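Engineer: Protein chains in written order, with our numbering: chain A, 978 to 1382; chain B, -13 to 390.
1) Report yes or no: is there a C-beta of chain A within less than 8 Å of the C-beta of residue 86/B?
2) Would you please verify whether the beta carbon of residue 1177/A is less than 8 Å from any beta carbon of chain B?
3) How long is the line joining the alpha carbons of residue 1071/A and residue 1371/A, rounded to whole angstroms?
4) Is any beta-carbon of chain B found at less than 8 Å from that of residue 983/A?
5) Specify, as a first and last residue, the run of the alpha helix (DSSP H) that residue 270/B falls within.
6) Quick one: complete alpha helix (DSSP H) runs, 4+ long, within the stretch 317 to 354 of chain B?
7) Which term fits residue 328/B, buried or exposed, when burial requires 16 or more other beta carbons within 10 angstroms of its beta carbon?
8) Can you pull the chain A neighbours of residue 152/B, defined as C-beta to C-beta under 7 Å?
9) I need the DSSP call for residue 1345/A, collapsed to helix, strand or coil.
10) Considering only the beta carbon of each residue, do residue 1366/A and residue 1123/A sit closer than 8 Å?
11) Once DSSP output is grouped into helix, strand and coil, what is the label at residue 1329/A?
12) Since residue 1324/A and residue 1330/A are thought to touch, with beta carbons under 8 Å apart, how far apart are those beta carbons, to the nearest angstrom?
13) Per DSSP, residue 228/B is paired with what?
14) Measuring alpha carbon to alpha carbon, tell me which residue in 1247/A, 1284/A, 1306/A is nearest residue 1294/A.
15) Does the contact criterion of 3 or more C-beta pairs under 8 Å hold for the stretch 1168 to 1182 of chain A versus the stretch 138 to 145 of chain B?
16) Buried or exposed for residue 1010/A, going by 16 or more other Cβ atoms inside 10 Å?
17) Cutting at 7 Å between CB atoms, please list the residues of its own chain near residue 47/B, excluding the five before and the five after it.
18) Return the chain-ordered list of same chain residues with a C-beta closer than 7 Å to the C-beta of residue 324/B, the five sequence neighbours on each side being excluded.
19) Taking a cut of 8 Å between CB atoms, which residues from the stretch 1261 to 1285 of chain A lie near chain B?
20) When the Cα of residue 97/B is compared with those of 385/B, 350/B, 64/B, which residue comes out closest?
21) Quick one: is the Cβ of residue 1192/A within less than 7 Å of any heavy atom of the ligand SAH?
22) Let me check understanding here. Comparing Cα to Cα, which of 1040/A, 1348/A, 978/A, 1000/A lies closest to residue 1328/A?
23) With 8 Å set as the bound, which would you pick, yes or no: does the beta-carbon of residue -11/B sit closer than that to a beta-carbon of chain A?
24) For residue 1253/A, count the other beta carbons within 10 Å of its own beta carbon; 16 or more makes it buried, fewer makes it exposed. Which is it?
25) Would you report the Cα separation of residue 1231/A and residue 1237/A, rounded to the nearest angstrom?
26) What in chain A is Cβ-close to residue 228/B, meaning under 9 Å?
27) Which partner residues does residue 62/B have in the DSSP bridge list?
28) Tell me whether residue 989/A sits in a helix, a strand or coil according to DSSP, three-state version.
29) Measuring only between beta-carbons, confirm whether residue 54/B sits less than 8 Å from chain A.
30) Secondary structure at residue 1077/A, three-state DSSP: helix, strand or coil?
31) Under 8 Å by Cβ, that's how I've got residue 308/B and residue 1166/A pegged, so tell me the actual separation to the nearest angstrom.
32) Kindly indicate which three-state DSSP category residue 1407/A falls into: helix, strand or coil?
33) List, from N- to C-terminal side, the alpha helix (DSSP H) runs of 4 residues or more that fit wholly inside the stretch 1087 to 1140 of chain A.
34) Inspect the CB distances between the stretch 15 to 23 of chain B and the stretch 347 to 359 of chain B and report whether three or more fall short of 8 Å.
35) Could you check the C-alpha separation between residue 332/B and residue 1273/A for me, to the nearest Å?
36) So, with DSSP's three-state summary, where would you put residue 114/B?
Structure below.
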C-alpha cells in the first residue's frame, strides 16, 4: 500500500451540518489535510443535533458531528472581524480547495468571494454547496433536508412495489428518505466536482469556482424517473411494477427483485417449485404482473413462513436477488460487513471509543484511513495560528478575548 | 478550445443496468471519453426493459431509460464469449486510463479481464469493480439491485412511515452507488497523476448506501439505539412535515428549528388562536404535540397552493418548499431559471428532455448532454480509428460474431 489518494492536498472547510462537512470528510479520509473553520463558541450546528452519547446534549458528543468530521483539524474563527478576515485570507493562500456553504451573497459581504480569493491564490478551487445554487429565484431560500428532498422530486419516486390494483393513495403525503441522505448526496457531488477540478488544475489549468446546488444533485440522481415524467406526465400509468418487492417474512421484512425470467425462476426454486408458479399466469413477466393480485398473495404467504436469514441465503444460493431489510443493528452484526472491516473503532477524548462506518471503496494502492477523530471545538487553534501562521501566544490570547477565534 | 475537467481520459466501460452506467455518465459529463463495451449476446437490459419503464422494447435503440443514463458515451460491440473479442478488449484497454465493471465478482477474472490481467496490458490502469456486497467476504457472490442495496444497507429500515412499511427509496439508490464510484475513480486518477501508479478499486454497493447513514450507526455504537422510521418528522424539530395544499397531490414541506422561525410561521399564518396554545410554546412542547400541531398547520396550508405557502414563509425566514413530482420539477420557476433540463435529439427516440450535469464549473465546464449511443454506433471509430483495423478485418470480425 502506498500513501492515500489525496495526500498533500490542502482543504479548507467553512461549513456546517451535513453536506459541506461530508464533502470535506470524503477528502480528509483519503489523505487530504482538512482545516475546518467553526464559529467561535457555538461551532458547527451539527454539534447541537443528536444523537448524543447517553442522550445527554454535549457539543463534543454528537454522533452526527463525530461521523462527519473525522480526519480534520478544527479551528474557530469569525471572518466577519477584520483580524478574522485576514486570517481567512492567509489560510486560503495556502489551500488547494475551499468548501463553503454560506447563503449566496454572504462571502461577497465578507469580502471573501471567489473573485477576491482567486487574486491571492489563482490555483484555488472554491466549491460552494448550497440548497439551490448561486443563481435563480430560490438562491436565498432557507432549506433543511426535508425541503430539498421533497422539492427535488425524490419523495415522489419511492418504488411502489409490489404492484396491486389499488389506486395511488393520495391521503398520505410523499415521504423523505431517512436520516440526511439527500444532504450527503450534495456533499458527495461537491467532492466529485472539486477533485475533478483538482485533476484538471494539476494538469496545467488554473483554479476555478464550482457552484453546487443540493437540489440539482438530487435531481441528477433521479434523472431517469424525473426525466420520464418531465417528458411524459402520464408515464406513471404505464408503470406496471413487479412481483415480489418488499414483503413481510417470519421475523421481519425482505426485498425480492425478480422481474426478469431467470430471476423469477430462481425465486420459484427458492419457494420450492410450487405448482402454481408453473401455470399459464406465470408464463412471462407481463402475465405475472397482470395477475399480480392473485400471485402476490401466494408469494407473501410463502415468505411469512420463512425467516430473513433462510430467504436471504437460500435465495442467493439460487442467484435470486433478495436482501433482508436490516436495522442498523443487523448491519453491525452482518458477517459480510465484519469480514470487509466496514466498521472501525476510533477513540475520541470526550465521546470515547466508538464504531464508525468507513467507506465502500477498497483501494489496492491508496488506503482509506480516518487519521483522527473529529476535532474538539477550537482544538487546533494553537497549532494552526501559532505553529503555521506565526501568531504569538499574546496575539492568540487577544484574538480569543476579542471573539476573533 | 473549451477544456473540460477530464479531457483526455478514456474509460472502457463494461458496466450495465444503473449503478455502473451512472458512474461513467458522470465521468462523460466531466469530459472523459467513455467506450461502452456491449453485445447483442448480452445487451444492457435497460436497452430492452426496465423495472419501471413498462413493456419490453423490441429494439435496443429505443429505450429512454438507457438514453438518460448513457448520455455522451460511445458504444462498441464485442461478444465477450469469443476469445478474439477479449483480445480486442485488451487492445482498447491498452489505450485507456480507467476500466469499470459491475458483473458478479469473479466473472471478469474468468473472462481474462480481471485486474491482474489488465495490469499486464496497461500497468497504470485504474479498475473499478462495483458489486452488490464487494468482492471479498462470505457474501461476495450475492447479487442485488437498488432495492436490495437499500434494504441491506440499513437506510431502507429507517425510511418511511413509523406505522407503515420501510421504503426502499427510488432508483436513486443505484445512482448513489454510482456517484460514490465516480468519486473513488477520480481520487484514483489524482493518485495516478501524482505517483504514476494505477490500482484496483473494489466497491460494495450496500456499503456505499450505509456510508450515507453514518449518524445512525454512531447512535447504535454510542447508545445501542436502532434508528426507527419517522416519516417526514424530525427527531427534534416541529413542525417538520409535508402538508396538504389546494388540489389533490399538492404538498408543501415546512421545517421549524428555532423559536424565531416558529413565531414567523404563526404570524405568516395570520396568528390563529392555536398558535398561542401553551401546548406549543416551546420547541420541546411543539415536538411532543407534533401530531396535533400538524393537523392545525394542515388546516392553514390546505387553503393555499404550495407556492403561495413557500413564498409567504420564505419571506419571513421560514424553510418551506413544495413537494414536487417529475413534471412539476420541469415546470418549477427555479429549475427553469437554472436550466435543469435541456432538450436533445435522439435519432430514434426523437426530441427528449434530459437533466443537465449537476455541477457548474467557472473555468472548465461540464459537457452539454448528447444522446446515448445506438448499439455499436462507434464500432468503426473504436476498431478502425483507435485500433487501426481495416474495413476488411472489421467485416471478418462481424462475420465471426466477434463484433456482435
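Heads up, the beta-carbon is just placed ideally off N, CA and C, and yes, glycines get one too.
Since we're looking at a predicted model, the values are computed, not measured.
Structural biologist: Taking the structure as given:
1) For the purposes of this step, residue 86/B is identified with residue 100 of the second chain, where counting begins at 1. Chain A, which has no Cβ nearer than 8 Å to the Cβ of residue 86/B, makes this no.
2) Here residue 1177/A corresponds to residue number 200 of the first chain, with the count starting at 1. True, the Cβ-Cβ gap to chain B drops below 8 Å.
3) In the first chain, the residue the question calls residue 1071/A occupies position 94. In the first chain, the residue the question calls residue 1371/A occupies position 394. Going from the Cα of residue 1071/A to the Cα of residue 1371/A covers about 24 Å.
4) Against the first chain, residue 983/A aligns to sequence position 6. Answer yes: the Cβ-Cβ gap between residue 983/A and chain B drops below 8 Å somewhere.
5) Residue 270/B sits at position 284 when you count from the first residue of the second chain. 269 to 274 is the extent of the alpha helix (DSSP H) around residue 270/B.
6) 319 to 324
7) Here the question's residue 328/B lines up with position 342 in the second chain. Exposed, by the Cβ-count rule.
8) Position 166 of the second chain holds residue 152/B. 1223, 1230, 1302, listed in chain order.
9) Residue 1345/A sits at position 368 when you count from the first residue of the first chain. Coil, per DSSP.
10) If you number the first chain from 1, residue 1366/A lands on position 389. If you number the first chain from 1, residue 1123/A lands on position 146. Contact flag unset, no.
11) By one-based count along the first chain, residue 1329/A stands at place 352. Three-state DSSP puts residue 1329/A in a strand.
12) Locating residue 1324/A in the first chain gives position 347, counting from the first residue. Locating residue 1330/A in the first chain gives position 353, counting from the first residue. With 8 Å as the limit, residue 1324/A and residue 1330/A qualify as a contact, their Cβ atoms being about 5 Å apart.
13) Indexing the second chain from 1 puts residue 228/B at position 242. 239/B.
14) Residue mapping note: residue 1294/A aligns to position 317 of the first chain, counting from 1. Cα-wise, what sits closest to residue 1294/A is 1247/A.
15) no
16) The residue you call residue 1010/A lines up with position 33 of the first chain. By the neighbour-count rule (16 or more Cβ atoms within 10 Å), residue 1010/A is buried.
17) The residue labelled residue 47/B in the question sits at position 61 within the second chain. The answer, listed in chain order, is 334, 360, 361.
18) Mapped onto the second chain, residue 324/B falls at position 338. None.
19) 1262, 1263
20) As a working note, residue 97/B is residue 111 in the second chain. Ranking 385/B, 350/B, 64/B by Cα distance to residue 97/B puts 64/B first.
21) The model on display carries no ligand, and the ligand SAH is accordingly not part of it.
22) Along the first chain, read from residue 1 onward, the residue named residue 1328/A stands at position 351. It is 1040/A whose Cα lies nearest to the Cα of residue 1328/A.
23) For this step, residue -11/B is matched to residue 3 along the second chain. True, the Cβ-Cβ gap to chain A drops below 8 Å.
24) Stepping through the first chain from its first residue, residue 1253/A is reached at position 276. Exposed, by the Cβ-count rule.
25) Working through the first chain from its first residue, we reach residue 1231/A at position 254. Working through the first chain from its first residue, we reach residue 1237/A at position 260. For residue 1231/A and residue 1237/A, the distance between alpha carbons rounds to 18 Å.
26) Indexing the second chain from 1 puts residue 228/B at position 242. Simply 1123, 1127, 1132, 1150, 1151, 1152, 1153.
27) Within the second chain, residue 62/B is the residue found at index 76, counting from 1. According to DSSP, residue 62/B bridges with 23/B.
28) Here residue 989/A corresponds to residue number 12 of the first chain, with the count starting at 1. Reduced to three states, the DSSP call for residue 989/A is strand.
29) Translated into positions along the second chain, residue 54/B becomes position 68. Taking Cβ atoms only, chain A reaches closer than 8 Å to residue 54/B, which makes this a yes.
30) By 1-based counting over the first chain, the position of residue 1077/A is 100. The answer is strand: DSSP assigns residue 1077/A an E or B state.
31) Residue numbering aside, residue 308/B sits at position 322 when the second chain is read from its first letter. Residue numbering aside, residue 1166/A sits at position 189 when the first chain is read from its first letter. About 22 Å; that fails the 8 Å criterion.
32) No answer is possible for residue 1407/A: the residues shown for chain A start at 978 and end at 1382.
33) 1091 to 1097, 1122 to 1128
34) yes
35) Within the second chain, numbered from 1, the residue matching residue 332/B stands at position 346. Within the first chain, numbered from 1, the residue matching residue 1273/A stands at position 296. Computed Cα separation, rounded: 38 Å.
36) For the purposes of this step, residue 114/B is identified with residue 128 of the second chain, where counting begins at 1. It is a strand residue.
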